[in-house]
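Going by this note's numbering, the first residue of the sequence shown is number 5, and it counts up by one from there.
Ideal Cβ positions, reconstructed from N, Cα and C, are used throughout, including at glycine.
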Amino acid sequence: MTERLLVIDCATPALSIALFDDDALIASSHAELGRGHAEALMPAIAALPEGGRCDRILVDVGPGSFTGVRVGVAAAVSLGFGWDVPVEGYGCLDLVAAMARERLAPVSDFAVVMVGGHGELFWAIAPASDDSPLQDAPLAIHSTVIDTLAGMIDVQLIVGSGAQILIDAGAPGRAVPLLPDAREALRLPLPQRQRKPVPDYGRGADAKPMAAPRIRTPIEVR
Numbered sequence: 005m006t007e008r009l010l011v012i013d014c015a016t017p018a019l020s021i022a023l024f025d026d027d028a029l030i031a032s033s034h035a036e037l038g039r040g041h042a043e044a045l046m047p048a049i050a051a052l053p054e055g056g057r058c059d060r061i062l063v064d065v066g067p068g069s070f071t072g073v074r075v076g077v078a079a080a081v082s083l084g085f086g087w088d089v090p091v092e093g094y095g096c097l098d099l100v101a102a103m104a105r106e107r108l109a110p111v112s113d114f115a116v117v118m119v120g121g122h123g124e125l126f127w128a129i130a131p132a133s134d135d136s137p138l139q140d141a142p143l144a145i146h147s148t149v150i151d152t153l154a155g156m157i158d159v160q161l162i163v164g165s166g167a168q169i170l171i172d173a174g175a176p177g178r179a180v181p182l183l184p185d186a187r188e189a190l191r192l193p194l195p196q197r198q199r200k201p202v203p204d205y206g207r208g209a210d211a212k213p214m215a216a217p218r219i220r221t222p223i224e225v226r
């Protein structure tokens, strides 16, 4: 008996979904929308065979677009609740690294760099080989100001949505733009596909606590 898997990925400008029967891809949709994921995601899933109904859901938990990550995780968790199926997550940079290994066959460790926010980039150093003892573990993600990262990174290959930004800022190496693609999700080793479906924003909250209101002492009237 086959198991049907729905993969949801909208943590970046790409809106990407895929439906699998075991390892066989049976339907998918992939488009670089930029914005509008919240409006486009559910109609895209509904257009899949049987409305995307599945036995298990896998979702990109980030880091990436703050809004996109929340939209994808919220949709996955809601569908999982409605269909009574398990929901698991995977990392955005982990998938981009897996895609880079398949498409580019790097010969040494390389950098995965994705656009963050507030002038920073999300990044990680990924092992080149599928045989690395670190291969199964999720990548260690950092968030660093662009100019600072350009001055400290030293690899031959930089992949991801922030790759060219980093090269333009003075980093060495070759830039290859890549966005995560749900159709490639099964390239991830199993441990990287078993994360909790909780948003990973890649850094602390941007919001700062508001100052406590100043309480005026009532003037006593005599």
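Answer yes or no: do residue i and residue j have a C-beta to C-beta separation smaller than 9 Å?
i      : j      : result
His41  : Cys14  : yes
Gly38  : Pro67  : no
Ile129 : Ala109 : no
Leu29  : Arg60  : no
Asp140 : Leu99  : no
Ala132 : Asp158 : no
Met118 : Gly72  : no
Ile162 : Gly177 : yes
Arg197 : Leu62  : yes
Ala104 : Val180 : yes
Gly56  : Val116 : no
Val111 : Gln160 : yes
Pro142 : Arg199 : yes
Among all the DSSP beta bridges, which residues are the ones paired with residue i?
i      : result
Tyr2   : Coverage of the chain is limited to positions 5 through 226, which leaves residue 2 absent and any answer about it impossible.
His146 : Trp127
Ala22  : Val11 and Ser32
Ile162 : Ala115 and Ala179
Arg105 : Paired residue(s): none; Arg105 is not in a bridge.
Arg199 : Gly93
My output table needs one value for residue i: the three-state DSSP class, helix, strand or coil.
i      : result
Met118 : strand
Glu3   : As shown, the chain starts at 5 and ends at 226. That puts residue 3 outside it, with no answer to give.
Leu183 : coil
Leu45  : helix
Ala167 : helix
Met5   : coil
Val225 : Residue placement at Val225 cannot be trusted, given a pLDDT of 47 that sits under 50; what the coordinates show is reported in the next sentence. Note: Val225 maps to coil in three-state DSSP.
Asp172 : helix
Leu194 : helix
For residue i, tell me which candidate among the options has the shortest Cα-Cα distance.
i      : options                        : result
Pro47  : Ile30, Ala102, Leu19 and Ile61 : Leu19
Pro193 : Tyr94, Glu7 and Phe70          : Tyr94
Leu182 : Ala50, Ala102 and Val65        : Ala102
Asp172 : Glu7, Val159, Asp151 and Gly56 : Asp151
Phe126 : Ser32, Tyr205 and Gln198       : Tyr205
Ile49  : Leu83, Glu36, Phe70 and Ser69  : Leu83
Glu7   : Val202, His34, Val81 and Pro90 : Pro90
Val202 : Trp87, Glu92 and Glu54         : Glu92
Cys96  : Phe70, Trp87, Arg107 and Val81 : Phe70
Is residue i close to chain C, meaning its C-beta is less than 9 Å from at least one C-beta of that chain?
i     : result
Pro90 : In the displayed structure, chain C is absent; only one protein chain is listed.
**Prompt:** Would you say the region 74 to 87 touches the region 106 to 122, given that touching needs at least three Cβ pairs under 8 Å?
**Reply:** Verdict: no, contact absent.
**Item:** At least 3 beta-carbon pairs within less than 8 Å: the region 177 to 195 vs the region 18 to 35
**Value:** Yes: the two stretches touch, three or more of their Cβ pairs being nearer than 8 Å.
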